[in-house]
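What follows is one structure encoded as structure tokens, with my remarks underneath.
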Amino acid sequence: MDFDPIIHRKQIQVASGLDFLAGIWLIAAPFALHFQNVRNAAAIDGFFGVLIALLAGVRIFAYMFPSISWFNVVFGIWIVVSPFFLGFYHFHTALVTNILSGIAVIILATWSALLNKADPHYAGPDRKLADIASFPPGD
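Mapping of the sequence shown onto the numbering used here: residues 74 to 212, in sequence order.
Right, here's the structure in full:
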């Protein structure tokens, strides 16, 4: 099967769009699930929710820069472990929200980042710039 850049971009946009929604959920979750008064939980979720949504939103259009998604993977890991480091693990709703949201961010951001490996025009660390000299195809 030949590489189709349009389908490839759509896959990145879907993965990053879902990651964007996960970031928006992190911002809204403390208020929707009534743990906005849990010290650290609401602040962490709000701050990192904004970062995740912002980077995922940029990635929707910056499809040739997978490093944007790798930042979100790191942020997702922090969202998963933050209840234990910041002491709100005993608040069940905040704990479950952070673990599930963090896992979703990790999976979606990894999916978005790894899609570039399939792109023959991606000038990643294992590709030479000469390999992409004719991008877009047909030029």
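Note that beta-carbon positions come from the ideal geometry of N, C-alpha and C, so glycine has one too.
All of these numbers come straight from a predicted model, not from anything done at the bench.
With DSSP as the reference, label residue 199 as helix, strand or coil. Bear in mind that a pLDDT of 45 at residue 199, under 50, signals an unreliable position, so the number given afterwards is only what the model happens to contain. In this structure, residue 199 counts as coil in the three-state DSSP scheme.
Leaving out five residues before and five after residue 111 in sequence, what residues of the same chain have Cβ atoms less than 8 Å from its Cβ? 103, 161, 164 and 167
Of the choices 154, 172 and 138, whose alpha-carbon is the least far from that of residue 190? 138
For residue 83, count neighbouring C-beta atoms within 10 Å of its own C-beta (all shown protein chains included) and say buried if the count is 16 or more, exposed if not. exposed
Which first and last residues belong to the alpha helix (DSSP H) in which residue 78 is found? 78-105
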